[in-house]
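In what follows, a single structure is set out as structure tokens and then discussed.
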Amino acid sequence: MLNIGVLASGGGTNLQALIDSQGGVIKSGKIVCVCSNSSTAYALERAKKAGIATRVIRKNADCGGDMDEFSRRICDYMHEMHVDLIVLAGFMAIFGGKLLEDYANKIINIHPSLIPSFCGDGMYGLKVHEAALDYGVKVTGATVHFVNEITDGGKIILQKAVCVKDGDTPESLQKRVMQEAEWEILPRAVELVCSGQIE
Ligand code: GAR
17 MLNIGVLASG GGTNLQALID SQGGVIKSGK IVCVCSNSST AYALERAKKA
67 GIATRVIRKN ADCGGDMDEF SRRICDYMHE MHVDLIVLAG FMAIFGGKLL
117 EDYANKIINI HPSLIPSFCG DGMYGLKVHE AALDYGVKVT GATVHFVNEI
167 TDGGKIILQK AVCVKDGDTP ESLQKRVMQE AEWEILPRAV ELVCSGQIE
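Quick note, this note's numbering runs 16 ahead of the 1-based positions in the sequence shown.
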């Protein structure tokens, strides 16, 4: 059984999908903590309701805006909680340094498009769906991938396609991509990694 640490910044619907999959799709891992860079993230409430330990580490307020310090403090918390696998579930902050080194090939991320489309620096949340609609693609989706030093550039684990519909707004498309793709492939990818089927 691997210990999973989740990093989340916002509403935490992907975190909820992971919590709800424990003992079901996720058989080989257990969420031991949730860390957020925002004290108001609803993800923290979801964790508390599920009895999961939480910690807030803010880049500016707690680390003086220093990215290395921010990364080190998250890394220290992950070690303190004996985390084996880190899952970024809507984590909207950039980190690097010690966290990427200590957890090389042990961090995965969910991104709301079919990588390599609509990804990279500055592409997160609703912006991804705005870009997909602006381009006029008819199919989009979600991707779970390993995290390395290139934004959204690590090896792909799972992808699922979702159709764009006439009249979609960024919000309606975001909701469909979450419901039809993200909440399904993130738990599946976590299990693939925790069970050692993908390294
Ligand atoms: C999700 O759509 C996730 O794919 C996206 O943010 C949203 C978080 O929602 N992540 C990124 O854009 C990362 N580049 P949630 O807080 O409800 O899980």
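No residue lacks a Cβ here, since even glycine has one placed at the ideal position from N, Cα and C.
Check, Outcome
"Taking its Cβ as the centre, do 16 or more other Cβ atoms sit within 10 Å of residue 32, making it buried, or is it exposed?", "buried"
"Leaving out five residues before and five after residue 58 in sequence, what residues of the same chain have Cβ atoms less than 8 Å from its Cβ?", "26, 27 and 28"
"Unbroken beta strand (DSSP E) runs of length 3 or more, entirely within the segment 48-130: which are they?", "69-72, 101-104 and 123-127"
"What separation, rounded to the nearest whole angstrom, lies between the Cα atoms of residue 19 and residue 45?", "6 Å"
"Shorter than 6 Å, the distance from the beta carbon of residue 27 to the closest heavy atom of the ligand GAR, or not?", "yes"
"For the alpha helix (DSSP H) that contains residue 210, what are its first and last residues?", "199-210"
"At a cut-off of 6 Å, is residue 98 close to the ligand GAR when judged by its beta-carbon and the heavy atoms of the ligand?", "no"
"Quick one: grab the DSSP three-state call for residue 185.", "coil"
"Hey, could you find the ends of the alpha helix (DSSP H) residue 33 is sitting in?", "29-37"
"Any chance the CB of residue 105 is under 6 Å from a heavy atom of the ligand GAR?", "yes"
"Are residue 172 and residue 159 close, meaning C-beta to C-beta below 7 Å?", "yes"
"In chain order, what residues of the same chain lie with their CB nearer than 6 Å to the CB of residue 35, ignoring the 5 residues before and after it?", "66"
"Kindly examine the ligand GAR and report whether one of its heavy atoms sits closer than 6 Å to the Cβ of residue 145.", "no"
"Considering residue 176, what are the terminal residues of the beta strand (DSSP E) in which it resides?", "172-179"
"State the CB to CB distance for the pair residue 74 and residue 53, rounded to an integer number of angstroms; the pair is presumed to be in contact (CB under 8 Å).", "6 Å"
"Beta-carbon within less than 8 Å of residue 154's beta-carbon, same chain only, minus the 5 sequence neighbours each way: which residues are those?", "179 and 180"
"For residue 163, which three-state DSSP category applies?", "coil"
"Determine the direct distance from the alpha carbon of residue 101 to that of residue 108, and round the result to whole angstroms.", "18 Å"
"What does DSSP give as the partner residues of residue 45 in its beta bridges?", "18"
"Which whole-angstrom value is the C-beta distance of residue 145 and residue 213, which I expect to be below 8 Å?", "Actually they do not touch by this definition, with Cβ atoms about 30 Å apart."
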